[in-house]
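Colleague: Read in order, the letters of the sequence shown are residues 79 to 663 in our numbering. Beta carbons: idealized from backbone N, C-alpha and C, even for Gly. Since the structure is predicted, the reported quantities are computational estimates derived from the model, not experimental observations. Pasting a structure here, questions to come.
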Amino acid sequence: MFKLYNMKKLIASFVLMLAGAAAWAQGGSPDPNFYIYLCFGQSNMEGQATPETVDQTVDPRFQVLAAQNFSNPSRTMGQWYTATPPIVRQWAGLGMADYFGRTMVAALPSNVKVGVIDVAVGGIAIEGFMSEKVAEYIAGQEQWMKDLISAYGNDPYQRMVDMAKIAQQAGVIKGILLHQGESNNGQQAWLQNVNTIYNRLLTDLNLNAEDVPLFAGETVNADVGGTCSLHNTIIAQLPSVIPTAHVIPSNGCPCASDNIHFTAAGYRTMGKRYAYEALRTMGLETKAQADYVWNNALKKVYSLNSIDPISDITIRVGGSKVLTAWGTFDDGHKENLTKEVEFSSNDFAISNGKVIGSEAKTGIVTATYTDFLGQIHTQDINVTVSDDGPNHVLVINNGTVGTNPWDKEAFCKLETPMVAGKKYVIKATMRCDNNGTCALWPRWDASSNRDQWGNSADIQYLDTYNVTTTYEELTWTFTANYPHDVLLFAIGKLGGNVYIDDVSCMEVGGSVEMVANGSFESDDISNWSVLSWTGQTLKVIEDATSGIKQVTVTERPDVIYDLSGRRVNTPQKGVYIVNGKAVIF
79 MFKLYNMKKL IASFVLMLAG AAAWAQGGSP DPNFYIYLCF GQSNMEGQAT PETVDQTVDP
139 RFQVLAAQNF SNPSRTMGQW YTATPPIVRQ WAGLGMADYF GRTMVAALPS NVKVGVIDVA
199 VGGIAIEGFM SEKVAEYIAG QEQWMKDLIS AYGNDPYQRM VDMAKIAQQA GVIKGILLHQ
259 GESNNGQQAW LQNVNTIYNR LLTDLNLNAE DVPLFAGETV NADVGGTCSL HNTIIAQLPS
319 VIPTAHVIPS NGCPCASDNI HFTAAGYRTM GKRYAYEALR TMGLETKAQA DYVWNNALKK
379 VYSLNSIDPI SDITIRVGGS KVLTAWGTFD DGHKENLTKE VEFSSNDFAI SNGKVIGSEA
439 KTGIVTATYT DFLGQIHTQD INVTVSDDGP NHVLVINNGT VGTNPWDKEA FCKLETPMVA
499 GKKYVIKATM RCDNNGTCAL WPRWDASSNR DQWGNSADIQ YLDTYNVTTT YEELTWTFTA
559 NYPHDVLLFA IGKLGGNVYI DDVSCMEVGG SVEMVANGSF ESDDISNWSV LSWTGQTLKV
619 IEDATSGIKQ VTVTERPDVI YDLSGRRVNT PQKGVYIVNG KAVIF
């Protein structure tokens, strides 16, 4: 058996050597204007949407190096082809790399080609791309998964390296695209595994990280009901582990009914976003070349018709509002343009995508967007900041009550971690539609000590309190056993909506608030998340029923907020909100 296995490996290596020789003979020395990108991941990288008519016409400057043999369309491993979908394997569909390549060739000079090597397996965990773990991983899989991996010689990582070495004889590797995580949803260990794979690729292919950035795409977003959107909180940490990593946002990208895979329109938008980020890293504009020859149907995918009308905004003094913008394109599809739009105003301060209501006034915020064709679009937003207004709270739609406290959870990421051994006080004002209980379990998410589900095992279990239909302030005072960086509210025993306000975490006797926007006077809740796969959703709403929060800020002059909505006990130099007014200290 050992001899047979090694003979197969030798035959495979010989075949790859012949393929590389053929590629060398066709192209001679590597072309510096042939940009190669390695792509790997699971089903969303593989492509799950049926290609439509607009997807079938492909610029021949966009190439794919086949990473396995298949017959429909006819592809031979190790050979270059025009990247007509499917590009990964037979019976796959439109995926992440398709519109990445289309966008890149349109944006780059006409003498530049773009090639992709796409090694992807639907359902594979990140461990399936680690050569030292892949055999054990395969052994525990069902036959359909074994069949998919066997098409890559039972080692997808090694196949990617082998194909990359062939590609290096034709061009220059410029980046790595990753879309994976659904099978490692929420697992902190994913970060180090990706880091291992990335650095291994750099070593095995003699590449420099500064020249070959990593582009990692988010899973289907929570804003469209993504089942695995919890993993986006993990993906967001990737640049802190890999300095040359860039996160590709999935906000607003439509998904299929399974809430795991994107639609064709979603893949097109994600592909464009991968390309836009790659262009930015090269210092280039996210704009097509003026002389690019368009297919008319494809051009409509990139040409914005208009920014959609944006509703008037009303903010209470001391609060802020996250700015969002959507656009309708000439082919009829809509995109969330928020991260690409420039918001500006002569009337209000804008910080981190939020308009700040520092004083009572009315004014205009302008959204400006330049599409891929260079066309400039604007939309004005009417903004009113008032001394009056309802209270804002976080509402979590919990759905049906669970059996266990951990069946439904809400997570609050702290601004700074706690210090083990120090004493802290955590407060939250809560009510719910149906009486139940809430427990608080601070957790050290950055810990390498993981449980069987891949979550941090360094967790501290605090008291459980009753929650009723009337707002009550809950208080937990404790000594931290670990440097906790997340507050986990275990709310599985609460059915319906759960309302949370005035969340605070401070060291006893200290003055630094560790919860950003705990008053929810901004609707920026990026530091909060839920178990979206259970059906939980969260948003900020106006709630005039709060018995505690009906007391206005002017009656509580001792409460001071910074411009991010964080409560401050001892303000330093700067601008703060006191009694609903901006005050300079």
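Tell me where the alpha helix (DSSP H) around Ile312 begins and ends.
Modeller: Where Ile312 is concerned, the enclosing alpha helix (DSSP H) stretches over Asn310 to Ile313.
Colleague: What does DSSP give as the partner residues of Ala294 in its beta bridges?
Modeller: Looking at the DSSP assignment, Ala294 forms a beta bridge with Leu256 and Val325.
Colleague: Contact check, Arg509 vs Thr547 under 8 Å by CB: the rounded distance?
Modeller: That pair is a contact at about 6 Å.
Colleague: Alpha carbon to alpha carbon, how far is Ala100 from Ala445?
Modeller: In this prediction, Ala100 scores a pLDDT of 45, lower than 50, which makes its location untrustworthy; the coordinate-derived value is nonetheless stated afterwards. In a straight line, the C-alpha of Ala100 is about 52 Å away from that of Ala445.
Colleague: Exposed or buried, what is Tyr577 when buried is set at 16 or more other beta-carbons lying within 10 Å of its beta-carbon?
Modeller: When all chains shown are included, Tyr577 counts as buried.
Colleague: In whole angstroms, what is the alpha-carbon distance linking Val629 and Val586?
Modeller: The predicted model places Val629 with a pLDDT of 27, which falls under 50 and marks its position as unreliable, so this point remains unresolved.
Colleague: I'd like the list of long-range same chain contacts for Gln58, defined as Cβ closer than 8 Å, with 5 residues on each side in sequence excluded.
Modeller: Outside the displayed range of the chain (79 to 663) lies residue 58, so it cannot be described from this structure.
Colleague: Consult DSSP for Phe489 and reduce its assignment to one of helix, strand or coil.
Modeller: Phe489: strand per DSSP, three-state reduction.
Colleague: Can you check DSSP and say which residues form a bridge with Gln141?
Modeller: In the DSSP output, where bridge partners are listed per residue, Gln141 has Thr160 and Gly193.
Colleague: Helix, strand or coil: which one does DSSP assign to Val590?
Modeller: Correct three-state label for Val590: coil.
Colleague: Thinking just about the alpha-carbon of each residue, which of Gly405, Asn374, Ala198 and Val395 is nearest to the one in Ser384?
Modeller: Comparing Cα positions, the closest option is Gly405.
Colleague: Taking the C-alpha atoms as reference points, what is the distance between Asn595 and Ile603?
Modeller: Cα-Cα distance, rounded: 8 Å.
Colleague: Within this structure, are the beta carbons of Asn329 and Thr416 separated by less than 8 Å?
Modeller: Yes.
Colleague: In whole angstroms, give me the CA-to-CA distance for Gln247 and Ala287.
Modeller: Roughly 20 Å between the two C-alpha positions.
Colleague: Cβ of Gly295 within 8 Å of Cβ of Tyr352?
Modeller: Yes. Within cutoff.
Colleague: For Tyr115, write down the residues that DSSP places opposite it in a beta bridge.
Modeller: Beta-bridge pairing links Tyr115 to Val194 and Gly253.
Colleague: Which value, in whole angstroms, describes the spacing of the CA atoms of Tyr345 and Ala535?
Modeller: Their Cα atoms are separated by approximately 36 Å.
Colleague: On the DSSP letters alone, give me the boundaries of the beta strand (DSSP E) that Gly480 sits inside.
Modeller: Taken as a continuous stretch (DSSP letters only), Gly480 belongs to no beta strand (DSSP E), as it is neither H nor E.
Colleague: According to DSSP, is Pro520 helix, strand or coil?
Modeller: Reduced to three states, the DSSP call for Pro520 is strand.
Colleague: Going by CA-CA distance only, name the one from Ser423, Trp611, Thr322 and Asn482 that's closest to Lys432.
Modeller: When each option's Cα is compared against that of Lys432, the closest is Ser423.
Colleague: Could you check which residue in Tyr502, Leu143 and Thr131 has the C-alpha nearest to that of Phe112?
Modeller: The residue with the shortest Cα to Cα distance from Phe112 is Leu143.
Colleague: Please classify Glu633 as buried or exposed, where buried requires at least 16 other C-beta atoms within 10 Å of its C-beta.
Modeller: Summary for Glu633: the model assigns pLDDT 30, below 50, so the residue's position carries little reliability; its value from the coordinates is reported in the next sentence. Exposed, because fewer than 16 other Cβ atoms sit within 10 Å of the Cβ of Glu633.
Colleague: Does the beta-carbon of Met238 have 16 or more other beta-carbons within 10 angstroms, so that it is buried, or is it exposed?
Modeller: Label assigned to Met238: buried.
Colleague: Taking the beta carbon of Tyr62 as the centre, do at least 16 other beta carbons fall within 10 Å, making it buried, or is it exposed?
Modeller: Since the first residue of the chain shown is 79 and the last is 663, residue 62 is not available in this structure.
Colleague: CA-CA distance, Lys399 and Thr478?
Modeller: So the alpha carbons of these two residues sit roughly 31 Å apart.
Colleague: Could you spell out the range, first to last residue, of the beta strand (DSSP E) harbouring Leu415?
Modeller: Taken as a continuous stretch (DSSP letters only), Leu415 belongs to no beta strand (DSSP E), as it is neither H nor E.
Colleague: Please report the straight-line C-alpha distance between Ala568 and Thr131, rounded to a whole angstrom.
Modeller: If I take the Cα positions, the gap works out to 48 Å.
Colleague: Closer than 6 Å by C-beta to Tyr539: which residues in its own chain qualify, once you throw out the five before and the five after it? Chain order, please.
Modeller: Closer than 6 Å at the Cβ level, and outside the excluded window around Tyr539, lie Trp519.
Colleague: Is the Cβ-Cβ distance between Val197 and Ala161 less than 8 Å?
Modeller: Going by C-beta atoms, Val197 is not nearer than 8 Å to Ala161.
Colleague: Kindly identify the DSSP beta-bridge partner or partners of Asp579.
Modeller: Thr507.
Colleague: Inspect the beta-carbon positions of Val564 and Lys486 and report whether they are closer than 8 Å.
Modeller: No, Cβ-Cβ distance for Val564 and Lys486 is not below 8 Å.
Colleague: Where does Ile474 fall in DSSP's three states?
Modeller: Three-state result, Ile474: strand.
Colleague: Asn544 bridges to which residues according to DSSP?
Modeller: BP columns for Asn544 point to Thr515.
Colleague: Between the region 361–377 and the region 454–462, are three or more C-beta pairs nearer than 8 Å?
Modeller: Cβ pair count under 8 Å is below three, so no.
Colleague: Am I right that Pro164 and Gly171 are in contact with their C-beta atoms under 8 Å? What's the rounded C-beta distance?
Modeller: The Cβ separation is near 6 Å, so the contact holds.
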